[in-house]
Amino acid sequence: MDYKPGGNAFFANGIGLNAKDALSKTLSTNSEDTLLKHQRHLKYFDFVAALSQVSGIVMIGLAAYVFGTTNGGLRWNFDAQSANRNVGNINLHGMLMTTALVFLQGEGLIVFRLYRHEGKLVAKTIHTILHLLSIVLTTGGIIAIIGHKNLTKDVHFTSHHAWIGLGLLVAQSVHTIVGTVNFWFPKSPPNIQQLVLPAQRAVGITLFLANVGQLLTGTLQYTDSLGDCYDKLTCPKKLDLFLNLSVVATLCYAVCVCALLRQSQWRRQRTPEEDEKQD
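Residues 1 to 279 in full-length UniProt numbering are what the sequence shown spells out, letter by letter.
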């Protein structure tokens, strides 16, 4: 066989070119697979996020109907001379707790998922407002039930539900204060924030789940105010049915919130402006 100058080099270069083409195709295929997988995850995100908002609105709407209809509806009543002193406050308590403990807390947790492409300041501001509003409404709900106990001459804090509710208010207040001090003002150094953030997230999710359990035990106690019609499913205006549906909506909302928080792919993305500032 005749020797051809440069033949082996050309052959080697041919292998190199083929290898490069194969590697390029492999990388391109992997990139396409990753992109398709990411898009599929985003479709799931859109569904779960939409379901969370629908179930949350249904939960609030059903609670407003039940509490606004039963035994005098929603009233801020502290008048001992009132002819209807036994109505109103307990319903207001239930409405405020449903809104504050579950809906506002849940929205505060998932706001960084829902506002994934906006500036971090937007999500952080909404997050803080929701948590502060939750504390205010929870305090109002506790004041309402204390007023109800005063009017009916009942003894205060005689149940585990009452004590757990008070404990959750204190825990939520501390949690919000710690978050505000570390991430808003006076704002701790970045290394401290990195240490605090995982614990802050874990405590927030734990408090949310405890709030859901607290709401469900409160709903169970509230069924006593409906009387025997609840057990027989014969309440006027289908209050028994709508109360049960509100519980289902609450559980659906809680599951959606936990699902949104669990997926790391659904975390908020850094904006180009934030990357430039970091650089």
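Beta carbons: idealized from backbone N, C-alpha and C, even for Gly.
Practice task
Give the range of the alpha helix (DSSP H) segment to which alanine 144 is assigned.
Solution key: Taking the sequence shown and counting its residues from 1, the one referred to as residue 144 is at position 144. Where alanine 144 is concerned, the enclosing alpha helix (DSSP H) stretches over 120-152.
Practice task
Evaluate alanine 254 with the Cβ neighbour count: other Cβ atoms within 10 Å of its Cβ, from every protein chain shown; 16 or more gives buried, anything less gives exposed.
Solution key: Taking the sequence shown and counting its residues from 1, the one referred to as residue 254 is at position 254. Alanine 254 is buried by the Cβ-count criterion.
Exercise for the section: Note down, in chain order, each residue of its chain lying with its Cβ closer than 8 angstroms to the Cβ of leucine 96, except the 5 sequence neighbours on either side. Expected result: In the sequence shown, counting from the first residue as 1, residue 96 sits at position 96. Only Leu137, Thr138, Gly140, Gly141 and Ala144 meet the Cβ criterion.
Problem - Check whether glycine 218 and histidine 160 have beta carbons under 7 angstroms apart - result: Mapped onto the sequence shown, residue 218 falls at position 218. Mapped onto the sequence shown, residue 160 falls at position 160. Not closer than 7 angstroms, so no.
Exercise for the section: Check whether the Cβ atoms of phenylalanine 67 and tryptophan 266 lie closer than 7 angstroms to each other. Expected result: Position 67 of the sequence shown, counted from the first residue, corresponds to residue 67. Position 266 of the sequence shown, counted from the first residue, corresponds to residue 266. No. Outside cutoff.
Practice task
Using a threshold of 7 angstroms, state whether the C-beta atoms of leucine 62 and serine 246 are closer than that.
Solution key: For the purposes of this step, residue 62 is taken as the residue at position 62 of the sequence shown. For the purposes of this step, residue 246 is taken as the residue at position 246 of the sequence shown. Their beta carbons are under 7 angstroms apart, which means leucine 62 touches serine 246 by this criterion.
Handout entry: Whole-Å CB distance - leucine 168 paired with leucine 207, under 8 angstroms assumed
Key = One-based indexing of the sequence shown puts residue 168 at position 168. One-based indexing of the sequence shown puts residue 207 at position 207. With 8 angstroms as the limit, leucine 168 and leucine 207 qualify as a contact, their Cβ atoms being about 7 angstroms apart.
Problem - Sequence-distant residues of the same chain with beta carbon closer than 7 angstroms to tryptophan 163, five excluded per side - result: Within the sequence shown, numbered from 1, the residue matching residue 163 stands at position 163. Hits under 7 angstroms: Phe157.
Exercise for the section: Examine the ligand MG and report whether any of its heavy atoms sits within less than 6 angstroms of the Cβ of phenylalanine 78. Expected result: As far as ligands go, the structure on display features none, and thus does not contain the ligand MG.
Exercise for the section: Specify whether the stretch 229-240 and the stretch 99-109 touch according to this definition: at least 3 beta carbon pairs, one from each stretch, less than 8 angstroms apart. Expected result: They do not touch, by the three-pair rule.
Problem - Under 7 angstroms between C-beta atoms of histidine 148 and asparagine 191 - result: Numbered from its first residue, the sequence shown carries residue 148 at position 148. Numbered from its first residue, the sequence shown carries residue 191 at position 191. Not a contact, by the Cβ cut-off of 7 angstroms.
Exercise for the section: Could you say if the stretch 232-241 and the stretch 166-180 meet the contact criterion of at least three C-beta pairs nearer than 8 angstroms? Expected result: no
Problem - Rounded straight-line distance, which links the Cα of serine 264 to that of leucine 27 - result: As a working mapping, residue 27 is identified with position 27 in the sequence shown. As a working mapping, residue 264 is identified with position 264 in the sequence shown. With a pLDDT of only 48 at leucine 27, under 50, the local geometry of the prediction cannot be trusted, and the value read off the model is given with reservation. Approximately 24 angstroms, taken between the alpha carbons.
Handout entry: Assumed close pair tryptophan 76, leucine 101 - CB separation to whole angstroms, cut-off 8 angstroms
Key = Mapped onto the sequence shown, residue 76 falls at position 76. Mapped onto the sequence shown, residue 101 falls at position 101. Contact flag wrong, Cβ pair sits at about 19 angstroms.
Handout entry: cysteine 252 versus glutamine 214: straight-line alpha-carbon distance, rounded
Key = Along the sequence shown, read from residue 1 onward, the residue named residue 252 stands at position 252. Along the sequence shown, read from residue 1 onward, the residue named residue 214 stands at position 214. Cα to Cα, the separation comes out at about 16 angstroms.
Practice task
Measure from the C-beta of isoleucine 90 to each C-beta in chain D and report whether the shortest distance is under 7 angstroms.
Solution key: The structure shown contains no chain D, having only a single protein chain.
Practice task
Report yes if the CB atom of valine 111 is closer than 7 angstroms to the CB atom of histidine 131, and no otherwise.
Solution key: Position 111 of the sequence shown, counted from the first residue, corresponds to residue 111. Position 131 of the sequence shown, counted from the first residue, corresponds to residue 131. Their beta carbons are not under 7 angstroms apart, which means valine 111 does not touch histidine 131 by this criterion.
Problem - Backbone secondary structure at tryptophan 163 - three-state DSSP - result: Locating residue 163 in the sequence shown gives position 163, counting from the first residue. If DSSP states are grouped into helix, strand and coil, tryptophan 163 belongs with the helices.
Exercise for the section: Assuming glutamine 172 contacts isoleucine 205 (C-beta within less than 8 angstroms), just tell me the rounded distance between them. Expected result: In the sequence shown, residue 172 corresponds to position 172, counting from 1. In the sequence shown, residue 205 corresponds to position 205, counting from 1. Not a contact, Cβ separation roughly 13 angstroms.
Exercise for the section: Inspect the beta-carbon positions of leucine 260 and arginine 113 and report whether they are closer than 7 angstroms. Expected result: By 1-based counting over the sequence shown, the position of residue 260 is 260. By 1-based counting over the sequence shown, the position of residue 113 is 113. Their beta carbons are under 7 angstroms apart, which means leucine 260 touches arginine 113 by this criterion.
Problem - Secondary structure of proline 190, DSSP reduced to three states - result: Locating residue 190 in the sequence shown gives position 190, counting from the first residue. In the structure shown, proline 190 sits in a helix (DSSP, three-state: H, G or I).
Handout entry: Top-ranked residue by Cα proximity to alanine 49, from Met59, Val174 and Tyr115
Key = The count along the sequence shown starts at 1 and reaches residue 49 at position 49. Residue Tyr115 is the option with its Cα nearest to alanine 49.
Handout entry: Simplified DSSP assignment, three categories, for threonine 180
Key = Translated into positions along the sequence shown, residue 180 becomes position 180. Note: threonine 180 maps to helix in three-state DSSP.
Problem - 6 angstroms CB neighbourhood of phenylalanine 78 in its chain, flanking five on each side removed - result: Within the sequence shown, numbered from 1, the residue matching residue 78 stands at position 78. Excluding the 5 residues flanking it on each side, phenylalanine 78 has same chain C-beta neighbours closer than 6 angstroms at Gly147, in chain order.
Handout entry: phenylalanine 11 - DSSP class collapsed to helix/strand/coil
Key = On the sequence shown, position 11 is the one that residue 11 refers to. Only weak support exists for where phenylalanine 11 lies, its pLDDT of 38 falling under 50; the coordinates are left without a value.
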